[in-house]
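To convert a position in the sequence shown, counted from 1, into the numbering used here, add 1. Comments concern the structure below.
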Amino acid sequence: MILIVDDEDINRGILANIFEEQYEILEAANGKEAVELVEENLEKLKVIFLDLLMPVLDGFGVLAYMSEKGYMEHLPIILITGESTAESAEKAYDYGVSDIIYKPFAPRVVMRRTRNIIDLYDSRKEMERKLAERTKKLMESEEKLRNNNEFLVNALSSVVEFRSLESGEHIRRVKFFTRIMLKYMLKYFPEYNLTEEDAESIIRASALHDIGKIAIPDAILLKPGKLTDDEFEIMKQHSVYGAELLERFKQDDNQFYKDCYDICRYHHERYDGSGYPDHLKGDEIPISAQVVSLVDVYDALVSRRVYKESYTHDLAVQMIKNGECGQFAPKILECFDLAKEDFFCVAELLENCSFI
């Protein structure tokens, strides 16, 4: 379908005569009629022939409307004009017209140039369609892979929960609290340069923070009481064992693997260097591990364990902020202070709804 816009009947007739055997022809005597026909037939139109000098709404008015609507990206417009200056031609091209043909014109030339433009736009549309299909398939594949990874991560991390006497909900709670911390970090701490994608990767990776406990002997892992100094030294090795385990299964150095490794190895490091296993200080500790470190401590405090009763939310917050569980970065504590009410609400909810 072709739309011919010209206030002269004879000019519309000449163009219609050229294309009527190949296309359905629509005609408009002014820009206002043209705009109405465009809205009614947008998906069917192949090209618009447009005169500049017309009553009611001139050609530039039509171009302005088409440009504002974003139609010119998908629908070629060819100016047919007998009066055009270099300035008006430049203005038309700035709007995005595909070609300018001056009157009088040779019908065969008009047909050839029009055919080339239509073919070019059709080819581009087909390429865009194929690209959209391919992009959709890739996104579906990535989503499927992400879901599979999520299942494997949760399944693997749950092995630790089955071996230990801690609550089987620990992993899910850690992921909940990590999500809360990162929500506030994204909003109030742009200096960390975290993106939504980074946050999702860290949240998923947090489930593997204690995977190294698989390698800890049952006599130590399941001991219903305080560990001796020697036993605690063995327990501390779980962060190293976990990192080594992840290295064995590494396929490539993508961001998700890096987050898994950093969280697993460094989530017991402390800001003042008093943590383990590498005694990292300050910002040497990856931000992912700093976040999960605080989250893990909070959950350990408010949860009942075989060797301790649960602490109240307020007491847990006080202990963390006072440094009784090791030193955390000032900004991490600021973020925790913003998130603590959300932590309380989630902790209460998860305590009463184990299926969440």
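Backbone N, C-alpha and C define an ideal beta-carbon position, used for all residues, glycine too. For clarity, every value in this text was computed on a predicted model and none was experimentally measured.
CB contact flag (Ile215, Glu232, <8 angstroms): Taking the first residue of the sequence shown as 1, we reach residue 215 at position 214. Taking the first residue of the sequence shown as 1, we reach residue 232 at position 231. The answer is no: Cβ separation not under 8 angstroms.
Residues of its chain near Asp273, where Cβ-Cβ distance is below 6 angstroms and the 5 sequence neighbours each way are ignored: Residue 273 sits at position 272 when you count from the first residue of the sequence shown. Cβ neighbours of Asp273 beyond the five flanking positions: Gln328.
Proximity test, Cβ basis, 8 angstroms: Val292 and chain B: Protein chains in the displayed structure number just one, and chain B is not present.
Exposed unless 16 or more other CB atoms sit within 10 angstroms - verdict on Gly213: Locating residue 213 in the sequence shown gives position 212, counting from the first residue. It counts as buried.
Cβ pair Asp100, Asp52 closer than 8 angstroms: Against the sequence shown, residue 100 aligns to sequence position 99. Against the sequence shown, residue 52 aligns to sequence position 51. Their beta carbons are not under 8 angstroms apart, which means Asp100 does not touch Asp52 by this criterion.
Terminal residues of the beta strand (DSSP E) in which Ile286 lies: Here residue 286 corresponds to residue number 285 of the sequence shown, with the count starting at 1. Segment: none, Ile286 is in no beta strand (DSSP E) and carries neither H nor E.
Cα-Cα separation, Ile81 to Leu4: In the sequence shown, counting from the first residue as 1, residue 81 sits at position 80. In the sequence shown, counting from the first residue as 1, residue 4 sits at position 3. If I take the Cα positions, the gap works out to 12 angstroms.
For Arg305, the three-state DSSP class (helix, strand or coil): Residue 305 sits at position 304 when you count from the first residue of the sequence shown. Residue state, collapsed to three classes: coil.
DSSP bridge partner residues for Asp100 (one or two, in chain order): In the sequence shown, the residue the question calls residue 100 occupies position 99. The partner list for Asp100 (beta bridge, DSSP) reads Ile79.
Runs of alpha helix (DSSP H) wholly within the segment 195–227 (minimum 4 residues, chain order): 197–206, 219–222
Span separating the alpha-carbon of Tyr258 from that of Ile118: Translated into the one-based positions of the sequence shown, residue 258 becomes position 257. Translated into the one-based positions of the sequence shown, residue 118 becomes position 117. Using only the alpha carbons, I get a separation of about 49 angstroms.
Simplified DSSP state of Gly71, which is helix, strand or coil: In the sequence shown, residue 71 corresponds to position 70, counting from 1. Residue state, collapsed to three classes: coil.
Buried versus exposed call for Met182 [16 or more other C-beta atoms within 10 Å across all chains shown]: By 1-based counting over the sequence shown, the position of residue 182 is 181. Met182 comes out buried.
Assigned secondary structure, Phe337 (DSSP; H/G/I helix, E/B strand, else coil): In the sequence shown, the residue the question calls residue 337 occupies position 336. Looking at Phe337 - three-state DSSP - the assignment turns out to be helix.
From Arg13, Lys188, Asp10, Ala208, residue whose alpha carbon lies closest to that of Asp297: Numbered from its first residue, the sequence shown carries residue 297 at position 296. The residue with the shortest Cα to Cα distance from Asp297 is Ala208.
Opening and closing residue of the beta strand (DSSP E) in which Val48 lies: Counted from its first residue, the sequence shown places residue 48 at position 47. Residues 48–51.
6 angstroms CB neighbourhood of Ala206 in its chain, flanking five on each side removed: Here residue 206 refers to the residue found at position 205 of the sequence shown. So the qualifying residues of the chain are Asp260, Cys261, Ile264.
With 16 other Cβ atoms within 10 Å as the buried cut-off, status of Ser202: One-based indexing of the sequence shown puts residue 202 at position 201. Under this definition Ser202 is a buried residue.
Whole-angstrom distance between Glu192 and Thr136, CA atom to CA atom: Counted from its first residue, the sequence shown places residue 136 at position 135. Counted from its first residue, the sequence shown places residue 192 at position 191. The alpha-carbon atoms of Thr136 and Glu192 are separated by roughly 32 angstroms.
Cα-Cα separation between Ile49 and Lys131, rounded to whole angstroms: To locate residue 49, count along the sequence shown from 1; it is residue 48. To locate residue 131, count along the sequence shown from 1; it is residue 130. Those two C-alpha atoms are separated by around 25 angstroms.
Candidates Pro77, Arg266, Val303: closest to Ile288 by CA position: On the sequence shown, residue 288 is found 287 positions in, with the first residue counted as 1. When only C-alpha atoms are compared, the closest one is Arg266.
Contacting residues, own chain, Cβ-Cβ under 6 angstroms from Ile286 (five flanking each side not counted): What you label residue 286 is simply residue 285 of the sequence shown in a count that begins at 1. Cβ within range, chain order: Tyr267, Glu270.
Residues near Leu38 in its chain [Cβ-Cβ closer than 8 angstroms; skip 5 each side]: The sequence position of residue 38 within the sequence shown is 37, counting from 1. Taken in chain order, the residues that qualify are Leu4, Leu27, Ala29.
Cutoff 7 angstroms; reference Lys104; Cβ partners in own chain excluding five residues on either side: Here residue 104 is taken as the residue at index 103 of the sequence shown, counted from 1. Same-chain partners within the cutoff: Ile81, Thr82, Gly83.
Rounded C-alpha distance that separates Phe345 from Thr229: Indexing the sequence shown from 1 puts residue 345 at position 344. Indexing the sequence shown from 1 puts residue 229 at position 228. About 32 angstroms.
Cα-Cα separation between Gly226 and Glu234, rounded to whole angstroms: Position 225 of the sequence shown holds residue 226. Position 233 of the sequence shown holds residue 234. Their Cα atoms are separated by approximately 15 angstroms.
Backbone CA spacing between Val63 and Arg116 [nearest angstrom]: Translated into positions along the sequence shown, residue 63 becomes position 62. Translated into positions along the sequence shown, residue 116 becomes position 115. Cα to Cα, Val63 sits roughly 22 angstroms from Arg116.
For Ala29, three-class secondary structure by DSSP: Residue mapping note: residue 29 aligns to position 28 of the sequence shown, counting from 1. Here Ala29 sits in strand by DSSP.
In DSSP terms, what Glu6 is bridged to: Reading the sequence shown from its first residue, position 5 is the one you call residue 6. One point to set straight first is that residue 6 is Val, not Glu, in the sequence displayed. Paired residues: Ala29, Leu51.
Cutoff 7 angstroms; reference Gly97; Cβ partners in own chain excluding five residues on either side: Working through the sequence shown from its first residue, we reach residue 97 at position 96. Taken in chain order, the residues that qualify are Ser68, Met73.
Proximity of Met2 and Lys47 at Cβ, strictly below 8 angstroms: By 1-based counting over the sequence shown, the position of residue 2 is 1. By 1-based counting over the sequence shown, the position of residue 47 is 46. Yes; because the gap between Cβ atoms is below 8 angstroms, this pair is in contact.
Spatial neighbours of Leu16 in its chain, beta-carbon cut-off 6 angstroms, leaving aside the 5 residues before and after: Position 15 of the sequence shown, counting from 1, holds the residue named residue 16. Excluding positions up to five away in sequence, the list reads Ile5, Phe50.
Bridge partner(s) assigned by DSSP for Glu325: Counting from 1 along the sequence shown, the entry for residue 325 is found at position 324. The partner list for Glu325 (beta bridge, DSSP) reads Gly327.
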